[in-house]
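In full-length UniProt numbering, the protein residues as written are 1 to 190. Note that the Cβ used here is the ideal one computed from N, Cα and C, for glycine as well. Right, one structure below, let's go through it.
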Amino acid sequence: MNMFFSLSIGSSAALPLRCTSKLTSFRVVADADGFPSFLPREIHNIQDPFARKFALRIQRLPVPVRFSENPIMSSCVKPLVQTKETPVVLLHGFDSSCLEWRYVLPLLEESGIETWAIDILGWGFSDLEKLPPCDVVSKRDHFYQFWKSYIRRPMILVGPSLGSAVAIDFAVNYPEAFIFSGEEACSDWC
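Rendered as structure tokens:
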């Protein structure tokens with residue numbers, strides 16, 4: 001049994017980059033257990049209840065990138081609640097996915113912190129039917145376009161391993177995307 005959901009994202013004019021093809025809507029299909037259909041079948045073998053619950057929240061969002069005429073459907077876990085406070089964005093380590101944050105993200109959310117977990121370009125569950133370039137510049141551009149399209153304000157970025165390398169490179173190139181003052185970043189929850 002399949003469940004069908006539709007989400008309209010508007011016209012290509014609403015996207016931050018000029019697109020040559022018009023993307024007006026897409027459909028997310030879930031299997032009988034509620035897992036998004038784009039997740040591998042092996043998701044059903046996972047016994048960890050935290051991982052199973054977290055996997056139900058993984059979704060794909062269209063991210064326009066400079067190196068492709070079509071947006072990349074990028075996997076992430078969006079926050080349950082968006083606040084006016086500084087969001088925390090979690091980037092996974094090497095050879096991993098946003099599932100790496102299955103224990104941490106719910107605790108941050110319980111504390112009232114708007115938290116995102118994003119799959120780095122080339123890893124995780126993003127739609128990569130046609131493999132895009134996955135070099136440093138492409139990862140940076142993809143993450144910048146994700147930030148510009150969905151987060152849209154300064155953030156606190158957390159990442160181990162590959163995630164920390166992406167975070168450092170991103171901070172050097174896009175300092176406007178960050179909160180650097182410890183007082184401002186932690187005033188409400190540290």
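Same chain, Cβ closer than 8 Å to A51, neighbours up to 5 away in sequence not counted: Sequence index remark: in the sequence shown, residue 51 carries index 51 (1-based). L99 and R102.
Residues sharing a beta bridge with R60, DSSP: Locating residue 60 in the sequence shown gives position 60, counting from the first residue. DSSP lists S75 as partners of R60.
Residue range of the alpha helix (DSSP H) that includes V172: Position 172 of the sequence shown holds residue 172. Run containing V172: L162 to N173, per the alpha helix (DSSP H) assignment.
Cα-Cα separation between S126 and S149, rounded to whole angstroms: Within the sequence shown, the letter at position 126 stands for residue 126. Within the sequence shown, the letter at position 149 stands for residue 149. Straight-line Cα distance between these residues: approximately 16 Å.
Range covered by the alpha helix (DSSP H) that runs through residue 252: Because the chain spans 1 through 190 in this model, residue 252 falls outside it and cannot be assessed.
Beta-ladder partner(s) of L91, from DSSP: Locating residue 91 in the sequence shown gives position 91, where the first residue counts as 1. Its beta-bridge partners are I118.
Cβ-based neighbour list, I151, same chain, cut-off 7 Å, excluding 5 preceding and 5 following: For the purposes of this step, residue 151 is taken as the residue at position 151 of the sequence shown. P87, V89 and W116, listed in sequence order.
P36 - DSSP class collapsed to helix/strand/coil: Looking up residue 36 in the sequence shown gives position 36. Three-state result, P36: strand.
Nonlocal neighbours in the same chain, by C-beta distance under 6 Å from L56, ignoring five residues either side: The residue given as residue 56 occupies position 56 in the sequence shown. So the list reads G34, once near-sequence residues are dropped.
Residues sharing a beta bridge with F54, DSSP: Taking the sequence shown and counting its residues from 1, one reaches residue 54 at position 54. Answer is none; F54 lacks a bridge partner.
Beta-bridge pairing of residue 191 - partner residues as DSSP gives them: What the structure shows of the chain is the stretch from 1 to 190, and residue 191 is not part of that stretch, so it cannot be assessed.
Nearest residue (CA-CA) to residue 211, options L121, P106 and Q47: Past the boundaries of the shown model lies residue 211; the chain is included only from 1 to 190, so the question cannot be answered.
For F146 and E114, the rounded distance between their alpha carbons: Numbered from 1 along the sequence shown, position 114 holds the residue referred to as residue 114. Numbered from 1 along the sequence shown, position 146 holds the residue referred to as residue 146. The straight-line gap from Cα to Cα measures roughly 16 Å.
C-beta atoms of F67 and S138 nearer than 7 Å: Reading the sequence shown from its first residue, position 67 is the one you call residue 67. Reading the sequence shown from its first residue, position 138 is the one you call residue 138. Against a cut-off of 7 Å, the Cβ pair of S138 and F67 comes out as a contact.
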